[in-house]
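Trainee: Using my numbering, read the sequence shown as starting at 12 and increasing by one per residue. We put the CB at the ideal spot given by N, CA and C, even for glycine.
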Amino acid sequence: MKVIFLILFCSSITAYGEITKCSQAESNVCGKNAECHDEKDDLLYQRHNGPYCKCLPGIIGMPPNCKEPCSSHSNCKKDEYCDANGSGDCVKGCRDSRSCKTDEFCDHLSKKCMDGCSNDKSCEDHQFCDFTTNKCTKGCTNSNHCSDDEYCDLTNNVFPGKCLKICIYFSCGINENCAAKDQIRFCSCIDGFEYVNTQGCQKKPNIIENRDFKGSSSNSSVPLEKLLNVEDSMKMITTTKAPEVKRRKFTG
12 MKVIFLILFC SSITAYGEIT KCSQAESNVC GKNAECHDEK DDLLYQRHNG
62 PYCKCLPGII GMPPNCKEPC SSHSNCKKDE YCDANGSGDC VKGCRDSRSC
112 KTDEFCDHLS KKCMDGCSND KSCEDHQFCD FTTNKCTKGC TNSNHCSDDE
162 YCDLTNNVFP GKCLKICIYF SCGINENCAA KDQIRFCSCI DGFEYVNTQG
212 CQKKPNIIEN RDFKGSSSNS SVPLEKLLNV EDSMKMITTT KAPEVKRRKF
262 TG
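1. So, at 8 angstroms on beta carbons, what are the nonlocal neighbours of Cys-140 in its own chain, with the 5 sequence-adjacent residues on each side left out?
2. Please list, in chain order, all residues of the same chain as Cys-189 whose beta carbon is under 7 angstroms from its beta carbon, the five residues on each side excluded.
3. Please look up how many angstroms separate the CB atoms of Gly-99 and Cys-81, rounded, as I've assumed it's under 8 angstroms.
4. Comparing alpha-carbon positions, which option in Asp-90, Ala-95 and Glu-91 lies nearest Glu-79?
5. Does the beta-carbon distance from Phe-162 to Gln-210 come in below 7 angstroms?
6. With H, G and I counted as helix, E and B as strand and the rest as coil, what does DSSP make of Gln-138?
7. Taking DSSP as the reference, what is the three-state secondary structure of Ser-108?
8. Shortest alpha-carbon distance to Cys-151 belongs to which of Gln-57, Cys-41 and His-137?
9. For Ala-45, list the residues DSSP reports as bridge partners.
10. Measure the CB-CB distance between Cys-33 and Ala-45 and report whether it falls below 7 angstroms.
11. Taking the DSSP output, what are the residues bridged to Ser-199?
12. Just to confirm the assignment, what range does the beta strand (DSSP E) spanning Leu-175 have?
13. Check Asp-164 in the structure and name its three-state DSSP category.
14. I'd like the span of the beta strand (DSSP E) that includes Gln-57, first residue to last.
15. Is Lys-132 helix, strand or coil when you go by DSSP?
16. State the start and end residues of the unbroken beta strand (DSSP E) segment that holds Met-125.
17. On the DSSP letters alone, give me the boundaries of the beta strand (DSSP E) that Phe-116 sits inside.
18. Report the three-state DSSP secondary structure of Cys-87 (helix, strand or coil).
19. Count the other CB atoms, across all protein chains shown, that sit within 10 Å of the CB of Phe-261; report buried if there are 16 or more and exposed otherwise.
20. Short of 7 angstroms in beta carbon distance, which residues of its chain neighbour His-2, apart from the five on each side in sequence? Order them along the chain.
21. In three-state terms, what does DSSP make of Cys-33?
22. With distances taken Cα to Cα, identify the nearest neighbour of Lys-88 among Val-102, Pro-75, Arg-58 and Gly-97.
23. Based on Cα-Cα distance, which residue from Pro-75, Met-73, Arg-106 and Asn-76 lies nearest to Ser-86?
24. From Gly-72, Pro-62 and Lys-173, pick the residue whose C-alpha is nearest to that of Lys-43; which is it?
25. Is Asn-155 helix, strand or coil by DSSP?
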């Protein structure tokens, strides 16, 4: 195990040769994303009998060609794909069927252009492997070939195996919206409505801010209907005339 570790570790270093110190080397001799090591008690220094270059942590390749690992296909050339979960390097192969000829498809397992398909995993999304032609065909044979909000419709005699939106043919109740995830349909109240047990989605009561006489707002909110009742009561009090008081005139 120790020998294997050294072999793998040495794949990211480059020995200097006649140079005895890193300071004697040119500043760019290790290349980008690499560093020079000349510690005499270093095992690799002793192994190479002198200084060596090593890629920085998290960097792949070998000096002087150390580089950052790819994170997506866009980091690679057109005839390469990003092995992000493996070596982190750009590898020769197809990304998808657009990288292949018209009568070929990209096998997602081998990343090679092939004439036929062996299973559904070899095909792209929204496609299945038609074993009668050994070709990847648009459509579905079950809902696993469709998106989360779709189901596989096999009832159409003209175009069987078509992914359809679940909410197209499955509606919800009044004041409700339909949504779907993982091929499961569910309903939710539209904006401005809330679910009331046994009554369905009912309109929310109008809530306005309660203000004091100085114009500053308080933390409490009062339903509009109740506030209107209070205002009406106040109006009745202020508009009711006080009874006239007859004053007796005193004469001397």
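Mentor: Let me spell this out:
1. Cys-128, Ser-129, Asn-130, Asp-131, Ser-133, Cys-134, Lys-146, Cys-147 and Thr-148
2. Cys-178, Phe-181, Ser-182, Cys-183, Arg-196 and Cys-198
3. 6 angstroms
4. Ala-95
5. The residue asked about is misnamed: residue 162 is Tyr in this sequence, not Phe. Result no, Cβ atoms of Tyr-162 and Gln-210 do not sit closer than 7 angstroms.
6. strand
7. helix
8. His-137
9. Cys-66
10. no
11. Asn-188
12. 173-176
13. strand
14. Unbroken run through Gln-57 is the alpha helix (DSSP H), 54-59; no beta strand (DSSP E).
15. helix
16. 123-125
17. 116-118
18. coil
19. Low local confidence applies: a pLDDT of 43 at Phe-261 is under 50, so the model's placement there is unreliable, and no value is given.
20. The structure shown does not extend to residue 2, since the chain is modelled only from 12 to 263, so the question has no answer here.
21. helix
22. Val-102
23. According to the sequence shown, residue 86 is Asn rather than Ser. With distances taken between Cα atoms, Asn-86 lies closest to Arg-106.
24. Gly-72
25. helix
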